Amino acid sequence: ELANITSTFQVMSSQLRSHIIKSFKLSGFSLRSEAANHLVHLLSPLDADEQDAWLDKVIDHVQKLALGSTIIDKQVIIEVSQDCAKIESGSSKECFIVIDAFSVPLLTYCAERKKFFEKSVKNEPSVILGQADDKIALYKNRYNLVLQRTMRNALFSPSLSAFNITKDRKKFELKTIEYLLGTSSKTGDIIVLGMLTQIKEGKYYLEDPTGYVVADLEETISFSSTFFVISFEFSFFFLNNTYKFHDGLFLQNCYVLAEGYYNDDTYHVKAMGFPPIETAEITRAFFAQTNFFGGLSNLRFSNKMKHMESSRPNDMIVIVSDIWLDDSKVMEKLERLFSGFADMPPIAFILCGSFLTHPGSNQDYKELRDHFAKLADIISTFSSLSASKFVIVPSLNDPGLSHIFPRPPLLKCITESFEKKVPTATFTTNPCRIQYCTKEIVIFREDIVTKMCRNCVYFPTHGDIAYHFSKTIMSQSHLAPLPLHVCPVFWTYDSAMYLYPLPDLIVCADKFKPFSIHQDGCRVTNPGSFSKSDYTFQVYYPYSNQIEDSQVTGD
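All residue numbers for the sequence shown refer to my numbering, where the first residue is 111 and numbers rise by one.
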């Protein structure tokens, strides 16, 4: 009888194994033997309907990974099955996930296959710092990211789609720098996508992977530009006889759409704007199977997470930046802030540096460790905050090993005491990403607004600086579209700075005055400096994707 049971079990396992392999093949994947065996082990205890349901979830999850091969090994199945189990559980522990910059999928766009592929990078010093080829790849990857997005836009796409404009609308064709250089006579108006740069002092150039050309920016728009008039109807470009630049902060090393003519080895620019912004919905319509953000790729589309989010409309995340822990007045205001939220604890507190008033001393490590211990003591006095998460994001001014982005977390010798007293704390990188239910949040601590304004090729004379800033980073799909000597970035981890697809919330914690801008389904916000701006901070409500400006008042 035991032999019969064993034989029956083996037959059932064999049938299940064949069913698993066949299901993966129908989806375009091949399973390695150990991967198939692992799935058989996981699914065997379930009945047939549950087996099919879980198998569909696993395959759907695998399809959303940016895999370089269609051959699936055991490790992929282990990770995917764990993610599926976490999503299915819908626990509060899994609805708030912090993703450090070094864990973000490093994706590159392949123009031939029109897909994003993930590259593997080991966290070793020689790999993190990169080689000369990595610096070249950095600019090429940024260009390809913006180019594929622009070519899909209604004004430039060669064929009509659900997102295109009507048939009687005129289309435009982008030309490469190579095309200009191969022209022997004066051209008519031509549109070019290129990087605005200064190869030689005093001269601006437009550059793309095919070459570079001198760009004359002296001409103003004193005529009717067909390209910009049509674009204006779609809110991509602004035409005014006073302005020759579209809305935004035009910087060296940012990518621009320029309209002009080529003559005497010079491209004479009549009008200049940024590539059109693409909403996250459109991006995902084309790359639905790619996990750009990191973390649990299916979390955003989980029905349980959507239900959990909608059932908690008052859940909030408190964002505070520039917290000087060595300032007694700041510590007093922080204690008052925690006291104010004690009766209605938020999901999380996002605490951004700088954490010292005058960083740079050799004693900073010990001093900061002691001040974090005091902060932990203050938090511990409010027992109701024990379930709230505390996410600590350092600035470049805080003690650490690197002044390059992504900036690693604060060292363990500084944070150990705090973590023991506040076990819900996470010391993470700068920038970092957060998934809360279906919302995707990017946190970046840097005085980036100030830096971008200071390094403008053309500073806008109209409109709000916060609007111009938001427009710039969204159109560039990058947190810091500045020259590398102004804002250093690890070449191999530049894609950790990408804003693609656009997340629900981008927090650019800056000393600039607080603001909150919503555009194309994405909100860009700045809580301001807590220590310098009369103790201002912001409260984020994930369900409504709204920001509330707040302040700690009183003596």
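C-beta: ideal position from N, C-alpha, C; glycine also.
Bear in mind the structure is a predicted one, so any value in this text is a computation, not a measurement.
Cβ-based burial, residue i [other Cβ within 10 Å; buried from 16]
i, result
"Gln-656", "exposed"
"Gln-192", "exposed"
"Met-562", "buried"
"Gly-573", "exposed"
"Lys-581", "buried"
"Lys-623", "exposed"
"Ala-145", "buried"
"Ala-195", "exposed"
"Ser-639", "buried"
"Arg-446", "exposed"
"Glu-189", "exposed"
"Ser-431", "buried"
"Pro-637", "buried"
"Leu-349", "For Leu-349, the predicted structure reports a pLDDT of 40, less than 50, and the residue's modelled location is therefore unreliable. A value from the coordinates is still provided. When all chains shown are included, Leu-349 counts as buried."
"Leu-612", "buried"
"Cys-220", "exposed"
"Lys-443", "buried"
Own chain partners of residue i with C-beta closer than 6 Å, once the 5 adjacent residues on each side are dropped
i, result
"Leu-520", "Pro-504, Phe-537"
"Tyr-651", "Met-426"
"Glu-222", "none"
"Ile-209", "Gly-404, Gly-405, Arg-543"
"Ser-660", "Phe-647, Val-649"
"Ile-130", "Ala-146, Leu-149"
"Gln-586", "Cys-364"
"Val-567", "Phe-360"
"Glu-666", "Not covered by the structure: residue 666. The range shown for the chain is 111 to 665."
"Lys-245", "Trp-601"
"Pro-570", "His-578"
Range of the contiguous alpha helix (DSSP H) that encloses residue i
i, result
"Met-607", "Neither: Met-607 is in no alpha helix (DSSP H) and is coded neither H nor E."
"Phe-396", "390-396"
"Phe-579", "575-586"
"Ile-387", "Ile-387 -> no alpha helix (DSSP H), and no H or E assigned at all."
"Tyr-289", "287-291"
"Gln-399", "Gln-399 -> no alpha helix (DSSP H), and no H or E assigned at all."
"Gln-173", "158-173"
"His-572", "Where His-572 is concerned, there is no enclosing alpha helix (DSSP H), given that its DSSP letter is neither H nor E."
"Gln-661", "It is not in any alpha helix (DSSP H) - Gln-661 instead sits in the beta strand (DSSP E) that spans 656-661."
"Ala-486", "474-490"
"Val-649", "Premise fails: Val-649 lies in the beta strand (DSSP E), 646-651, not in any alpha helix (DSSP H)."
"Ala-146", "143-153"
Cβ neighbours of residue i in the same chain (closer than 7 Å, five flanking residues each side left out)
i, result
"Asp-474", "Leu-466, Pro-509"
"Ala-211", "Pro-516, Thr-539, Pro-541, Cys-542, Tyr-603, Ala-606"
"Ser-512", "Pro-518"
"Asn-274", "For Asn-274, the pLDDT reaches just 48, beneath the cut-off of 50, and the residue's location in the model is therefore unreliable, although a value from the coordinates is still provided. Contacts found: Ala-264, Ser-267."
"Pro-456", "Met-426, Ile-427, Val-428, Ser-498"
"Phe-397", "Phe-226"
"Ser-133", "Leu-165, Ile-169"
"Tyr-253", "Met-305, Asp-318, Pro-319, Tyr-365"
"Lys-229", "Leu-216, Thr-218"
"Ser-626", "Arg-633, Thr-635, Ile-657"
N- and C-terminal bounds of the beta strand (DSSP E) containing residue i
i, result
"Thr-635", "632-636"
"Asn-373", "365-373"
"Met-426", "Run containing Met-426: none; DSSP gives neither H nor E here."
"Gly-304", "300-307"
"Gly-450", "Here Gly-450 belongs to no beta strand (DSSP E); instead the alpha helix (DSSP H) covers 438-450."
"Val-617", "615-619"
"Gln-629", "625-629"
"Thr-536", "535-537"
"Pro-458", "According to the sequence shown, residue 458 is Ala rather than Pro. Where Ala-458 is concerned, the enclosing beta strand (DSSP E) stretches over 458-462."
Beta-carbon proximity check, residue i vs residue j, cutoff 9 Å
i, j, result
"Asp-614", "Cys-632", "yes"
"Ser-123", "Ser-154", "yes"
"Tyr-289", "Gly-304", "no"
"His-588", "Leu-359", "no"
"Gln-258", "Lys-310", "no"
"Thr-400", "Leu-217", "yes"
"Leu-227", "Ile-181", "Per the sequence shown, residue 227 should be read as Phe rather than Leu. In this structure, Ile-181 does not lie closer than 9 Å to Phe-227 by Cβ."
"Cys-597", "Glu-556", "yes"
"Phe-448", "Phe-482", "no"
"Val-552", "Leu-609", "yes"
"Arg-422", "Glu-550", "no"
"Tyr-645", "Val-440", "yes"
Beta-carbon proximity list for residue i, same chain, < 8 Å, skipping 5 on both sides
i, result
"Ile-301", "Phe-282, Glu-283, Leu-284, Lys-285, Phe-337, Leu-367, Ala-368, Glu-369"
"Thr-260", "Phe-266, Leu-284, Leu-303, Leu-367, Pro-385, Pro-386"
"Gly-298", "Tyr-371"
Check your understanding: Are the stretch 542-560 and the stretch 396-414 in contact at 8 Å, needing three or more beta carbon pairs?
Key -> These segments touch.
Practice item. Examine the Cβ distances between the stretch 410-422 and the stretch 486-500 and report whether three or more of them are shorter than 8 Å. Key: Flag = no, the stretch 410-422 and the stretch 486-500 do not touch.
Exercise for review: Flag this pair as touching only if the stretch 452-466 and the stretch 384-396 have three or more C-beta atom pairs under 8 Å; answer yes or no.
Suggested key: no
Check your understanding: Would the stretch 525-535 and the stretch 489-503 be scored as touching if the rule is three or more Cβ pairs under 8 Å?
Key -> Yes: at least three Cβ pairs fall under 8 Å.
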